[in-house]
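In the numbering used here, the protein residues as written are 1 to 369.
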């Protein structure tokens, strides 16, 4: 009998006697695992080298059952998934039967399998972390809609607490307003808003893909340069648009710099020198990069998706701007012309974000264990 089961779609890697996975996810899970003993993980496994953005689990008492990755994006994958699903469901059911606490990571294909399987175990203690956009009005794939439907039904969830980002009108008794954290109380240091009489630094942190829209961030900075502002953009991450971004960096070496993947400490150092975070993403849950930037008095420029408007207090703690380079540039231009408003907004962002430390998150999750 295991103490804690994690069902997730996040790929895991084995290296130097430890399990690794996506860094922010592992940082959070390590806090959960402080309070449990034996851990069973159902997740896909990757055999690629560990990257700087991945971290190791701190627990040595982890058993991982490798699960195949599957999706329904095309006919071939649908047929393959139909063959795989019976065994996946059976494995998930048996794992739940032999664990004390079930923890699901949603949304995702493994999260959907877990959400359906857990219905049988109404009396078991369960938690679900819905890391996506919980806004009932948001457009989403059918599989995510189905997961959200299941997770909102007390009759299907039994003794489950569903941790969601933001307060929404259709939240049910299963839903708990949640948050996440990156930094500890010990990491809180004096970090004043950066003066505007020096070159202005903007950052993009995330996947280089259409959804995260780094090209919109690039175009925003180029428009600000045309307005006369001495601004540059550093892009941190990787993804399919990396080659295109490198072309921009080659054409505009004073404006655009593609850095690639960085560790948590390296990201922090960059944020502590930045003025703005450009995050024109189409979908988010609780955007950790936004909260991390605010922690260091960096002003986020982001569309009002998911709970972002709540995080930014409807524009008091950052710039809420549609995913449009021209509008983003205009909003930043207006703020730069008012240094005192810039300073006050940065301080409000920092004050709010520094409430959400790893210690506070630790205390928060203990009520569910």
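Cβ atoms here follow ideal geometry from the backbone N, Cα and C, with glycine treated the same way.
With 16 or more other Cβ atoms from the protein chains shown falling within 10 Å of its own Cβ, residue 248 counts as buried.
Here residue 262 really is in contact with residue 236; their C-beta atoms are around 5 Å apart, less than 8 Å.
Contact between residue 280 and residue 302 holds: their C-beta atoms lie close to 7 Å from each other, under 8 Å. Per DSSP, residue 52 has no beta bridge partner at all.
Shortest Cα-Cα distance from residue 354 to any of 18, 117, 191, 19 involves 191.
In the three-state scheme derived from DSSP, where H, G and I count as helix and E and B as strand, residue 19 is classed as strand. The three-state secondary structure of residue 289, taken from DSSP, is helix. The shortest CA-to-CA distance from residue 38 to any of 58, 20, 54 is the one to 58. Annotation for residue 6: 41, 103 place their beta carbon closer than 6 Å to its own, counting only its chain and skipping 5 residues before and after.
Between residue 24 and residue 182 the beta-carbon gap is near 7 Å, inside 8 Å, which marks them as a contact. For residue 260, the beta-bridge partners assigned by DSSP are 236. Every alpha helix (DSSP H) stretch that sits fully inside the segment 119-191 and reaches 4 residues is listed by chain position as 142-151, 154-157.
If you compare the alpha carbons of 157, 259, 159, 196 with that of residue 203, the shortest gap goes to 259. When 265, 322, 251, 339 are compared, the shortest CA-CA separation from residue 278 is found for 322. A direct Cα-to-Cα measurement between residue 72 and residue 362 gives close to 36 Å. Along the length of the segment 185-232, whole alpha helix (DSSP H) runs at least 4 residues long occupy 214-226, reported in chain order. Look at residue 357 here: in three-state DSSP terms it is coil, with no helix or strand label.
Residues 196 of the same chain have their beta carbon placed closer than 6 Å to that of residue 339, with the five preceding and five following residues left out of the count.
Shortest Cα-Cα distance from residue 87 to any of 75, 53, 69 involves 69.
Excluding its 5 nearest sequence neighbours in each direction, residue 11 has C-beta neighbours in its own chain below 6 Å: 44, 46, listed in chain order.
Assignment of residue 338 by DSSP, reduced to helix, strand and coil, places it in the coil class.
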